[in-house]
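With my numbering, the residue at position 565 of the sequence shown is 565, and numbering never jumps. Here is the structure we will look at, set down as structure tokens.
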Amino acid sequence: MRFGIRQKLLLAVGVIAAMAVISSLVSFGFFGQVRSALGLVTDRSLPAVTAALTLSAQSADVAASAPALAYATNDAERATSISVLNGKLEQIKRTLNEVKATDAPETLRQEAEDSFGRLADAMERIDGAVKERLALSAKRQALTKTMTDNHANFLFLAQPAVDQAVMDMTMEFELVSRATGQGASEMIQSILDKQVAGARAIQDLVAKTNLSVGMLAVAAQADSPETVELIQVDNINTKAEMLRGLDTVMAIYPNKEIEDMVNGIAKVSEGEDGLFSIRRMELAATRQALAALTEGRSATLALSDAVAQLVAAARTDATTSSQASISAIDIAQIVMASIAIFCLIAAIGIGWLYIGRRVIDPIVATTGTMDRLANRDWTAQVVGTERGDEIGDMARAVQVFKDQGQEAQQLQEQIEADRSRFEAERKAQESLLKSAVGEIVAAANAGRLSERIDTSRIEGVMQELGEGVNTLLGTMERVLDDLGDMLHKLADGDLTHRIRSQYQGLFAELAGDANQVSDRLSDTVKKLTESAALVRDASAEISTGSQDLAQRTESQAAALEQTAASMHEVTATVKQ
């Protein structure tokens with residue numbers, strides 16, 4: 001087995017590959033250290049930092065969402081807000097579990113967990129307080145509606161009572177106008193004691209009722225327990241005056257409905273279920289919700305502080321791990337650079353001393369020779385045929401290519417000469433065919449379709465083309481002859497002549513159309529003959545009818561003359 005260029009190149013590549021393997025092994029060792037250092041960052045420090053930052057954002061999100069629960073205006077809003085908050089608290093709980101799984105200090109993890117417990121408890125207390133506030137608000141609104149309805153009904157009933165008092169007073173004064181003396185004075189005093197006092201009592205009751213309802217309405221919207229207390233104290237006296245006014249009105253004008261309405265208004269403010277008590281409890285529930293909200297914010301701040309400490313601890317750990325990985329990377333870079341420089345020097349030496357002089361230069365020379373041979377420069381000299389390696393094999397193959405190229409050139413020259421001779425013969429055949437076709441076309445234009453191309457003087461494809469033209473002219477001549485015969489027969493009045501020859505394609509359609517025209521002409525003439533006979537018969541009948549009509553007309557004229565004569569005679573007789 002010879003030690004050729006393949007083996008030499010494999011040896012050189014093997015040396016370079018061995019250097020690369022050594023470099024890779026060294027790199028593998030150093031990168032293992034780097035991976036361990038980075039693993040501390042990615043597997044421990046970064047998850048801790050990420051979890052802590054996530055926990056901070058989630059706690060801030062909960063704090064931002066808590067006011068929506070505290071200030072919910074209906075149960076649907078409360079349910080939606082608490083559902084959202086519970087979901088966010090569950091996320092914080094999962095994040096806390098992730099933080100607990102890290103290497104964060106136990107005290108910080110416990111502090112964060114305690115703050116979360118306070119935050120969750122505050123949210124639960126806010127929900128309970130809001131639920132209580134909404135229930136009390138519903139009761140307050142129901143009481144307010146009852147009070148408003150009673151007040152409206154009272155006003156509706158009070159006006160007819162006032163009108164009745166005025167009407168009674170008017171009637172009493174009419175009676176007074178008829179009375180005299182002591183009786184009139186007593187009646188006036190009675191009016192003052194009853195009707196006037198009754199009307200004034202009803203008006204006072206309306207005023208006190210309006211004042212009491214106004215106080216209750218203000219208390220229903222009061223924003224502090226102190227305000228509610230002040231209004232309740234004032235309302236006690238107002239309510240007492242309203243009830244005394246009611247007693248006065250009932251003594252003069254008893255009315256069960258008015259009494260029920262006024263008592264209903266008074267009852268709204270009484271007892272633990274009264275408007276004042278419910279409003280105070282509602283305000284207390286609101287304060288509880290706000291206190292729980294404040295507690296939640298405090299817990300959020302405490303949780304944020306714990307998270308900040310967790311982040312600081314995680315970042316410190318990450319910085320330490322990063323410094324370790326950077327040191328390992330620096331050492332690896334130095335070692336890798338040294339190995340790379342050594343491999344580069346070795347590769348340059350092998351490439352320049354061996355591959356360049358013993359491989360590249362002969363290949364370049366052989367490539368130049370092949371370029372000259374490709375351009376048919378057969379004077380180029382092939383070098384290296386004496387070598388015993390692959391380059392020698394390639395040089396000998398190029399020498400064979402040169403020899404075969406010279407032979408191919410000689411053969412190409414012979415082929416070119418034969419092609420030129422064939423081209424001259426083809427052009428001569430084309431000239432003959434062109435001349436013959438020109439003569440045939442001229443004869444056809446002159447109406448002589450019997451002319452044909454003389455195919456004995458041409459050969460090959462040209463001969464086949466000429467025979468095809470002759471066949472086409474023969475077919476056209478037969479078609480035109482058949483059409484001419486039919487037209488001559490039609491001109492002579494022979495409508496029975498038909499084209500019997502068989503054609504193909506357009507010629508067959510032309511023959512069929514001509515036969516169809518003859519058939520239609522024959523049918524048309526036949527119909528004209530029949531129509532003429534019918535016209536002749538109709539004319540005879542018309543002539544006979546005209547003669548009969550003339551005879552009847554003459555008879556009628558004679559009858560008219562006789563009638564005229566008779567009328568003349570009658571006229572003469574009448575005149576006499």
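Glycine is no exception: its CB is placed at the ideal position from the N, C-alpha and C atoms.
Using the Cα positions of residue i and residue j, report the straight-line distance between them to the nearest angstrom.
i      : j      : result
LYS88  : ARG78  : 15 Å
THR319 : ALA312 : 10 Å
LEU534 : ARG478 : 43 Å
ASN263 : LEU119 : 48 Å
THR369 : ARG387 : 17 Å
ASN150 : LEU275 : 15 Å
ARG396 : MET336 : 45 Å
THR80  : LEU69  : 8 Å
PHE401 : ALA417 : 24 Å
ASP519 : THR529 : 16 Å
GLN502 : GLY474 : 14 Å
ASN445 : ARG452 : 14 Å
GLY214 : GLU272 : 20 Å
LYS427 : GLY468 : 20 Å
THR577 : ILE278 : The question about residue 577 has no answer here: the residues shown for the chain are numbered 1 through 576.
PRO160 : THR248 : 17 Å
ILE191 : ASN255 : Its pLDDT being 48, under 50, ILE191 is placed unreliably in this model, and the value from its coordinates should be taken loosely. Approximately 20 Å, taken between the alpha carbons.
SER420 : ASN515 : 56 Å
GLY296 : VAL26  : 57 Å
TYR71  : ARG94  : 28 Å
GLN410 : GLY505 : 54 Å
GLY181 : GLU257 : Only weak support exists for where GLY181 lies, its pLDDT of 48 falling under 50; the value from the coordinates is given anyway. Their backbone Cα atoms lie some 41 Å apart in a straight line.
ASP371 : LEU10  : 28 Å
ARG536 : GLY545 : 15 Å
GLU554 : ALA532 : 33 Å
Taking Cβ positions, are residue i and residue j nearer each other than 8 Å?
i      : j      : result
ARG140 : ALA289 : no
ILE252 : ALA285 : no
MET242 : THR209 : yes
VAL525 : LEU495 : yes
VAL62  : ILE82  : no
SER116 : LEU96  : Note that residue 116 corresponds to Phe in the displayed sequence, not to Ser. The answer is yes: Cβ separation under 8 Å.
LEU157 : PRO225 : no
ILE126 : ALA64  : no
LEU205 : GLY245 : yes
MET261 : ASN153 : yes
PRO362 : ILE391 : yes
LYS239 : ALA266 : yes
THR385 : GLN404 : no
ALA302 : ALA122 : no
ALA365 : LEU373 : no
ALA57  : CYS343 : no
For the putative contact between residue i and residue j, defined by C-beta atoms under 8 Å, what is the C-beta separation to the nearest angstrom?
i      : j      : result
ALA346 : ILE22  : Not confirmed; about 11 Å, so no contact.
SER304 : SER59  : 6 Å
ALA511 : ASP482 : 7 Å
SER269 : LEU211 : Not really, about 13 Å apart at Cβ, beyond 8 Å.
ILE236 : VAL218 : In fact, because the Cβ distance is near 15 Å, the residues do not count as touching under 8 Å.
LEU490 : LEU521 : 7 Å
ASP280 : VAL228 : In the sequence on display, residue 280 carries Arg and not Asp. Contact holds; Cβ gap of about 5 Å.
Specify the secondary structure class of residue i as computed by DSSP and reduced to three states.
i      : result
PRO254 : coil
GLN221 : coil
VAL13  : helix
GLU467 : helix
VAL335 : helix
ALA54  : It should be pointed out that residue 54 corresponds to Thr in this sequence rather than to Ala. Note: THR54 maps to helix in three-state DSSP.
ALA20  : helix
ASP482 : helix
GLY271 : coil
SER501 : coil
ASP61  : helix
LEU243 : helix
LEU495 : coil
ASP149 : helix
GLN410 : helix
VAL383 : coil
GLU451 : coil
ARG376 : coil
ALA201 : helix
ALA540 : helix
ALA72  : coil
Using a Cβ-based criterion (distance less than 7 Å to any ligand heavy atom), does residue i qualify as near the ligand NAP?
i      : result
VAL398 : The ligand NAP is not part of the structure shown, which contains no ligands of any sort.
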